[in-house]
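Step one of this worksheet: look at the structure below.
4 protein chains.
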Amino acid sequence: MTAVSIRVRYAETDQMGIAHHAEYFAWFEVGRTELLRAHGLTYRDLEKRGVHFPVVGTEARFLRPAFYDDVLEVRTEVAGLSGARITFAYEIYRDGTGPIATARTEHAAVDTEGRPHRLPADVRARLG
Amino acid sequence: MTAVSIRVRYAETDQMGIAHHAEYFAWFEVGRTELLRAHGLTYRDLEKRGVHFPVVGTEARFLRPAFYDDVLEVRTEVAGLSGARITFAYEIYRDGTGPIATARTEHAAVDTEGRPHRLPADVRARLG
Amino acid sequence: MTAVSIRVRYAETDQMGIAHHAEYFAWFEVGRTELLRAHGLTYRDLEKRGVHFPVVGTEARFLRPAFYDDVLEVRTEVAGLSGARITFAYEIYRDGTGPIATARTEHAAVDTEGRPHRLPADVRARLG
Amino acid sequence: MTAVSIRVRYAETDQMGIAHHAEYFAWFEVGRTELLRAHGLTYRDLEKRGVHFPVVGTEARFLRPAFYDDVLEVRTEVAGLSGARITFAYEIYRDGTGPIATARTEHAAVDTEGRPHRLPADVRARLG
Numbered sequence: 008m009t010a011v012s013i014r015v016r017y018a019e020t021d022q023m024g025i026a027h028h029a030e031y032f033a034w035f036e037v038g039r040t041e042l043l044r045a046h047g048l049t050y051r052d053l054e055k056r057g058v059h060f061p062v063v064g065t066e067a068r069f070l071r072p073a074f075y076d077d078v079l080e081v082r083t084e085v086a087g088l089s090g091a092r093i094t095f096a097y098e099i100y101r102d103g104t105g106p107i108a109t110a111r112t113e114h115a116a117v118d119t120e121g122r123p124h125r126l127p128a129d130v131r132a133r134l135g
Numbered sequence: 008m009t010a011v012s013i014r015v016r017y018a019e020t021d022q023m024g025i026a027h028h029a030e031y032f033a034w035f036e037v038g039r040t041e042l043l044r045a046h047g048l049t050y051r052d053l054e055k056r057g058v059h060f061p062v063v064g065t066e067a068r069f070l071r072p073a074f075y076d077d078v079l080e081v082r083t084e085v086a087g088l089s090g091a092r093i094t095f096a097y098e099i100y101r102d103g104t105g106p107i108a109t110a111r112t113e114h115a116a117v118d119t120e121g122r123p124h125r126l127p128a129d130v131r132a133r134l135g
Numbered sequence: 008m009t010a011v012s013i014r015v016r017y018a019e020t021d022q023m024g025i026a027h028h029a030e031y032f033a034w035f036e037v038g039r040t041e042l043l044r045a046h047g048l049t050y051r052d053l054e055k056r057g058v059h060f061p062v063v064g065t066e067a068r069f070l071r072p073a074f075y076d077d078v079l080e081v082r083t084e085v086a087g088l089s090g091a092r093i094t095f096a097y098e099i100y101r102d103g104t105g106p107i108a109t110a111r112t113e114h115a116a117v118d119t120e121g122r123p124h125r126l127p128a129d130v131r132a133r134l135g
Numbered sequence: 008m009t010a011v012s013i014r015v016r017y018a019e020t021d022q023m024g025i026a027h028h029a030e031y032f033a034w035f036e037v038g039r040t041e042l043l044r045a046h047g048l049t050y051r052d053l054e055k056r057g058v059h060f061p062v063v064g065t066e067a068r069f070l071r072p073a074f075y076d077d078v079l080e081v082r083t084e085v086a087g088l089s090g091a092r093i094t095f096a097y098e099i100y101r102d103g104t105g106p107i108a109t110a111r112t113e114h115a116a117v118d119t120e121g122r123p124h125r126l127p128a129d130v131r132a133r134l135g
């Protein structure tokens with residue numbers, strides 16, 4: 008599990024006075040960027056090698072709202088790994104209490120033209 | 008079912024050259040805004056009456072990418088309605104072929120302070 | 008001048024209860040996409056030809072707020088055109104009263120590697 | 008001058024392969040949030056006291072692109088302060104070389120109803 012801290016931006020709030028649910032997906036993306044880095048990979052380099060991980064599915068639960076200027080912890084882990092698929096799981100915490108959100112994102116590994124592409128062996132070895 | 012057309016904005020793309028998955032949640036929101044309007048309600052007025060529908064859960068499948076300047080059709084329907092919960096289902100189409108994305112969003116009805124709030128009778132009658 | 012109508016999305020609001028100023032830049036981008044189309048060009052095709060228009064400067068005035076579900080008219084025109092530069096000017100209207108926002112964006116024409124690139128003759132002829 | 012570090016998110020890129028210019032305005036907002044904090048204020052508390060700083064104007068220059076996963080430094084200072092107006096100036100740096108972007112944002116101080124509101128004395132004292 009890799010943890011990264013983010014602070015809720017004003018631009019991420021909506022007129023309900025809370026962080027808009029769509030913004031969480033950018034935070035999850037920060038979470039998986041840092042998980043890869045913690046495993047000796049960068050998604051920037053993976054893309055340069057022609058490996059892309061578009062999101063093909065997601066599910067998320069928003070248990071309690073997040074507010075402007077809150078400091079949140081995004082915890083990310085690999086929840087599944089197969090030939091050309093990878094699934095990440097996320098929990099977002101504030102103040103050590105139970106999670107305020109949980110989610111999973113499922114990704115297909117594709118090449119630069121969007122065709123399915125087997126995950127490189129070194130990526131599988133580092134994340135497996 | 009209510010259909011609304013949107014055109015993919017440049018700002019909605021990412022460096023993979025496709026619309027970023029987080030943007031779809033703004034499109035789904037446009038879909039439910041228009042569904043409510045088609046049933047004689049506006050979410051703007053509901054909020055003025057103190058009724059808010061924060062998203063408490065979602066699941067989405069991204070089946071094929073959407074590209075800048077694509078014209079998409081967002082089809083929205085009420086998939087579930089109970090005392091203080093409402094679920095919407097979405098399909099996004101391009102060019103009449105099968106959907107490029109499907110999703111559901113589940114909402115709690117809450118008051119301005121975020122407390123659970125039974126859906127007003129007129130809302131239930133119009134959407135039920 | 009080319010006019011295009013947009014409706015303020017819920018995701019575009021912030022906790023001040025108004026459309027967030029950063030969102031206007033996506034609307035201006037919609038404005039110039041439609042201006043190009045009205046002149047027989049599409050920015051999608053320009054990019055396929057290797058011509059890109061990154062924003063190198065902007066100035067904007069936000070005169071009155073825009074609210075969720077407002078229908079706005081974005082009016083765009085070419086304000087300047089030189090060898091490898093193009094400037095667009097914008098006004099946003101609601102309800103026919105004076106503009107609620109005005110702006111300019113200045114763009115460099117660059118190739119796919121980001122190097123300065125003279126505007127193609129047909130683009131200059133159509134926009135000049 | 009207050010400096011804060013941000014890392015470019017994947018969601019902030021566009022299909023030109025660079026951070027989209029609209030995203031910089033969220034970064035500038037992070038910059039002024041941190042400037043206020045460094046001066047013993049939080050914008051969250053200011054809003055609770057009924058003081059809001061909507062953006063009424065901006066100008067920005069984008070000198071060099073920013074890329075996904077870049078670590079940037081946003082430097083913010085108060086460039087002007089009068090009865091009910093405040094102007095911030097920004098520079099964004101990467102790697103210690105010259106700035107990649109510069110900007111100013113001008114804000115009106117307003118109350119919760121959007122009416123002009125003189126800046127509280129303590130705010131003026133801390134920022135002046």
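As given, the protein sequences belong to chains L, P, U and D, one line each in that order. Note that the numbering used here has the first sequence beginning at 8, numbered continuously upward. Note that the numbering used here has the second sequence beginning at 8, numbered continuously upward. Note that the numbering used here has the third sequence beginning at 8, numbered continuously upward. Note that the numbering used here has the fourth sequence beginning at 8, numbered continuously upward. Just so it is clear, CB atoms sit at the ideal spot from N, CA and C, and this is done for glycine as well.
Exposed unless 16 or more other CB atoms sit within 10 angstroms - verdict on residue i
| i | result |
| --- | --- |
| Met8/P | exposed |
| Leu70/L | exposed |
| Val78/U | exposed |
| Gly38/L | buried |
| Arg16/L | buried |
| Glu120/D | exposed |
| Ala33/D | buried |
| Thr83/U | buried |
| Thr104/U | exposed |
| Ala91/L | exposed |
Three-state class that DSSP yields for residue i in the structure shown
| i | result |
| --- | --- |
| Phe35/U | helix |
| Leu126/D | coil |
| His27/L | coil |
| Ala67/D | strand |
| Thr40/D | helix |
| Glu80/U | strand |
| Leu53/P | helix |
| Tyr17/D | helix |
| Ala45/U | helix |
| Ala86/L | strand |
| Thr119/D | coil |
| Ala73/U | coil |
| Thr109/D | strand |
| Thr9/L | strand |
Within chain U, the residues that residue i reaches when beta carbons sit closer than 7 Å
| i | result |
| --- | --- |
| Ala29/L | Ala18 |
| Gly24/L | Gln22 |
Proximal chain P residues relative to residue i, where beta-carbon distance stays under 9 Å
| i | result |
| --- | --- |
| Pro61/L | Met23, Ile25, His28, Phe69 and Pro72 |
| Glu66/L | Gly64, Thr65, Glu66 and Ala67 |
| Ala108/U | Simply none; closest approach about 16 Å. |
| Thr119/U | Going along chain P, no residue has its Cβ under 9 Å from Thr119/U, so there is no contact; the nearest lies around 12 Å. |
| Ala33/U | Arg16, Tyr17, Ala18 and Glu19 |
Residues sharing a beta bridge with residue i, DSSP
| i | result |
| --- | --- |
| Arg131/D | In DSSP, Arg131/D forms no bridge with anything. |
| His114/P | Val62/P and Ile93/P |
Under 9 Å by beta carbon: chain U residues contacting residue i
| i | result |
| --- | --- |
| Thr40/P | Arg14, Arg16, Tyr17, Tyr75 and Asp76 |
Chain P contact residues for residue i, given Cβ-Cβ distances below 7 Å
| i | result |
| --- | --- |
| Val37/U | Arg16 |
Contacts that residue i makes with chain D (C-beta to C-beta distance below 7 Å)
| i | result |
| --- | --- |
| Arg51/L | Tyr75 and Asp76 |
Is the stretch 61 to 69 of chain L in contact with the stretch 108 to 122 of chain L, if contact means three or more CB pairs nearer than 8 Å? Output reads yes: the stretch 108 to 122 of chain L touches the stretch 61 to 69 of chain L.
Using 8 Å as the cut-off, can you tell me whether the stretch 23 to 34 of chain D makes contact with the stretch 39 to 48 of chain L, which would need three or more C-beta pairs spanning the two stretches below that distance? Look at the beta carbons and you see the stretch 23 to 34 of chain D not touching the stretch 39 to 48 of chain L: under three pairs across the two are nearer than 8 Å.
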